[in-house]
Amino acid sequence: MIVTVQYTPPDAPHSDSLHLQLHAEPGARLTVRLSTPALTSADIPVPTPPSPHDWDLPGLPADCAPGRVPDLLTDAQAAARLRYGYDQGWTQRRIAAFAGRGAATVHRHVERFRAESKK
67 MIVTVQYTPP DAPHSDSLHL QLHAEPGARL TVRLSTPALT SADIPVPTPP
117 SPHDWDLPGL PADCAPGRVP DLLTDAQAAA RLRYGYDQGW TQRRIAAFAG
167 RGAATVHRHV ERFRAESKK
C-alpha cells in the first residue's frame, strides 16, 4: 500500500509543495497523525479594511462631487478634483485616479497650478 500526502502552504498556493510517500506491507497498520502548532491571536493575520476611495472622503468640497465615481464627472467637477488633489499635495497618479483623467492631462494642470503659485 502507498499513501501519498501533499502539503501546500496556505499563503503560498503557487509555491513548491511537500510530497511524502509512505510505503507499508499489505495488512500492516499505518497511522498518520497530522497536527499544527497551537496558534495565538498574534499568529492569525488580521485583514486590513480597504482604504476608502478618495471620492468618499469626509469633508470633500461640494464642487468635487463627493461620492461620485470619476467616470461620471462633468469637466467642471474633474477640474475641481484636480485642484483639490494638488492642494492636498497628492501624487499625480492619485490625482488622476481621483479626477478620472489621464496622466498627461493631470501633468498639464499641475504644471499650471505650480506656475500660478509662483506668481
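Position one of the sequence shown corresponds to residue 67 (my numbering), numbered consecutively onward. Ideal placement from N, C-alpha and C gives every residue a C-beta, glycine not left out. Predicted model only: the values in this text are computed from it and were never measured.
Residue closest to residue i, alpha-carbon to alpha-carbon, out of the options
i: Glu182; options: Arg149, Arg159 and Trp156; result: Arg149
i: Ala145; options: Ala165, Leu138 and Gly133; result: Ala165
i: Gly168; options: Asp137, Arg180, Phe179 and Asp153; result: Asp137
i: Asp141; options: Asp129, Ala94, Val176 and Gln158; result: Asp129
i: Gln154; options: Gly93, Leu123 and Arg95; result: Leu123
i: His119; options: Gly133, Pro127 and Lys184; result: Gly133
Those residues which DSSP pairs with residue i across a bridge
i: His175; result: BP columns for His175 are empty, so no partner.
Beta-carbon gap between residue i and residue j smaller than 8 Å
i: Gln143; j: Ala162; result: no
8 Å contact criterion, which residue i and residue j should meet: CB distance rounded
i: Val135; j: Trp121; result: 7 Å
i: Gly151; j: Arg159; result: Not confirmed; about 10 Å, so no contact.
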